[in-house]
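Using the numbering used here, the first residue of the sequence shown is number 92, and each one after it goes up by one.
Glycine is no exception: its CB is placed at the ideal position from the N, C-alpha and C atoms.
Accompanying notes for the structure given below.
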Amino acid sequence: MTFFTHLECTRTGERYDVDGLHNLSATGAPLFARYDLDNLSASFSRDDLAGRAANMWRYREVMPLRDGDHEITLEEGFTPLRAAPRLGSWAGFSRLLVKDESVNPTGSFKARGLSVAVNRARELGAPGVQLPSAGNAALALATYAAAAGLPCRVALPSDTPRTIFERCGDLGAEVLSVEGTLVEAGHLLAECDDGYWMLSTLKEPYRVEGKKTMGLELVEQLDWELPDWILYPTGGGTGIIGMHKAFDELETLGLISGRRPRFGVVQMAGCAPIVRAYEAGSAAATPWEAPQTRVWGLRVPQAVGDFLILDAVRSTGGRAVAVEEDRVAGMIARASRLEGLDIGPEGAATLLALEDLHRDGFIEVGQRVVVFQTGHPANYR
Ligand SMILES: *Cc1c(COP(=O)(O)O)cnc(C)c1O
């Protein structure tokens with residue numbers, strides 16, 4: 092069922108076997124899952140998807156699970172792509188689409204990646220799983236670990252909203268509170284020596300495969316056409332990196348062709364390491380010293396996949412933009428008033444970036460734009 096063959100270092104191309112609990116490559120770069128796309132293209136056509144379940148496992152040929160019929164699933168993925176004409180015309184557009192990820196299990200798209208990673212942990216016999224998180228990743232990990240019957244540990248910055256601590260505890264996870272940022276939370280977990288597999292963003296190869304399905308869905312939902320722009324609230328960047336990988340795979344399979352969507356990376360002015368590197372013309376980002384934002388999903392001072400995000404933005408002719416914190420509440424209210432949408436602050440940041448990119452002439456009227464609404468606001472209430 093799957094055409095998964097091996098893992099590959101994103102920096103050197105060095106190959107790794109599929110059987111280990113891998114983290115970063117020997118050179119400290121993320122690993123990517125690779126598939127036998129030549130053989131798959133010989134046997135696959137678009138029509139093969141008809142009638143499959145409306146969740147992300149419909150793309151199982153390019154998913155890394157070997158025991159394909161026995162995965163733990165809470166029906167993640169295949170989220171709606173909604174037209175938002177009233178918000179669109181307010182921002183100056185005719186063709187605005189919102190990919191609503193808040194309807195995923197656990198209220199965010201973190202469910203996609205952690206579903207894949209926890210299923211792999213189970214297949215590979217990991218004794219437990221752990222990660223540092225700004226909130227939503229912890230919630231998703233604790234949920235899927237519970238469903239899989241795997242021990243789980245999460246580390247959260249101490250000022251993360253209490254609801255996240257409580258819900259992770261209710262799900263049976265061991266919950267650590269850390270003074271500092273995600274970086275310090277990661278250090279604390281690295282000191283635990285009981286062999287729990289570390290699933291922090293892009294430090295293992297499988298979460299990005301789950302996020303990749305957002306790109307596969309967009310193409311299928313747009314009837315095998317590509318949008319002109321994809322605006323994405325970027326923390327660790329798995330979504331951008333995953334969708335870029337998805338489009339590469341679809342192109343190799345001969346299922347799409349032509350101009351690729353431009354990626355718009357959206358960050359907050361108080362924590363914008365990728366935007367800073369983009370503006371400086373650098374291939375990699377330096378850590379943001381003291382992140383200041385209450386848009387929790389974007390409070391990520393350092394991304395191990397920085398060079399992959401920057402490459403995806405530049406190679407598609409996209410942009411990286413930062414938006415100001417004090418505009419977020421107004422945009423949440425506007426989305427509510429104009430479209431009846433209950434969006435989170437990350438989704439609002441993305442709409443603010445749309446407003447700015449349009450004002451500055453980068454996005455034109457008539458272009459088809461997809462904005463990601465990534466998390467349910469109730470998660471942080
Ligand atoms: C994690 C998160 C993000 C950032 O996603 P990445 O793919 O890691 O860049 C954005 N929004 C929400 C709600 C999140 O939980």
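Return the CA-CA distance between Ile332 and Arg298, expressed in angstroms with no decimal places. 11 Å
Just to be sure I understand the criterion: a residue counts if its Cβ is closer than 5 Å to at least one heavy atom of ligand 1. Which residues meet that? Ser199, Asn227, Pro324, Thr325, Gly326, Gly327, Gly328, Thr329, Gly330, Gly388, Glu437, Thr465, Gly466
Let me know the secondary structure DSSP gives Pro176 once reduced to three states. helix
Between which residues of its own chain and Leu262 is the CB-CB distance below 7 Å, once the five residues before and five after are set aside? Ala233, Thr234, Ala237
Quick check: what's the CA-CA separation for Glu316 versus Ser268? 45 Å
Can you find the residues in the same chain that come closer than 6 Å, C-beta to C-beta, to Leu112, ignoring five residues on each side of it along the sequence? Leu215, Ala217, Trp288
Should the segment 439-455 be regarded as contacting the segment 408-416, the criterion being three or more beta carbon pairs within less than 8 Å? yes
Kindly identify the DSSP beta-bridge partner or partners of Val266. Val245
When Arg125, Gln358, Leu172, Asp129 are compared against Glu311, the one with the closest alpha-carbon: Leu172
Spatial distance of Lys302 from Ser136 (CA atoms): 22 Å
Between the beta-carbon of Arg244 and the beta-carbon of Leu205, is there less than 9 Å? no
Residue interval of the alpha helix (DSSP H) (run including Gln312): 298-312
So who's on the other strand from Tyr323, going by DSSP bridges? Val356
Is the beta carbon of Val274 less than 9 Å from the beta carbon of Pro176? no
What separation, rounded to the nearest whole angstrom, lies between the Cα atoms of Ala174 and His278? 42 Å
State yes or no: is the C-beta of Arg157 within less than 9 Å of the C-beta of Phe95? yes
What separation, rounded to the nearest whole angstrom, lies between the Cα atoms of Val460 and Asn195? 22 Å
How many Å lie between Glu192 and Gly198 at the Cα? 8 Å
To which residues does DSSP link Met289 through a beta bridge? Gln221
Would you be able to state if there are at least three C-beta pairs under 8 Å between the segment 116-129 and the segment 100-107? yes
For the segment 144-153 and the segment 243-259, state whether three or more C-beta atom pairs, one from each stretch, are separated by less than 8 Å. no
Buried versus exposed call for Ser427 [16 or more other C-beta atoms within 10 Å across all chains shown]: exposed
When DSSP labels each residue in this structure, what does Val462 get in the three-state scheme? strand
Mapping the DSSP letters down to three states, classify Ser116 as helix, strand or coil. coil
Could you compute how far the alpha carbon of Cys259 sits from the alpha carbon of Pro318? 37 Å
For His467, which residues of its own chain have a beta-carbon under 7 Å away from its beta-carbon, when the five flanking residues on both sides are left out? Ser193, Gly198, Ser199, Gly435
Can you tell which of Pro155, Ala144, Leu128 has the C-alpha that lies nearest to the C-alpha of Pro110? Per the sequence shown, residue 110 should be read as Asp rather than Pro. That would be Pro155, whose Cα lies nearest to the Cα of Asp110.
Here's the rule I'm using: 16 or more other beta-carbon atoms within 10 Å means buried, otherwise exposed. How should Glu300 be labelled? buried
Report the three-state DSSP secondary structure of Arg472 (helix, strand or coil). coil
Between which residues of its own chain and Ile321 is the CB-CB distance below 6 Å, once the five residues before and five after are set aside? Pro352, Phe354, Val461
Let me know the secondary structure DSSP gives His467 once reduced to three states. coil
Where Ile347 and Ala124 are concerned, what is the direct C-alpha to C-alpha distance, given to the nearest angstrom? 20 Å
For Val189, which beta-bridge partners are listed by DSSP? Arg173, Val462
Might you give, ordered along the chain, the residues of its own chain that have their beta carbon closer than 8 Å to the beta carbon of Asp108, omitting 5 neighbours on each side? His97, Leu98
Assigned secondary structure, Thr164 (DSSP; H/G/I helix, E/B strand, else coil): coil
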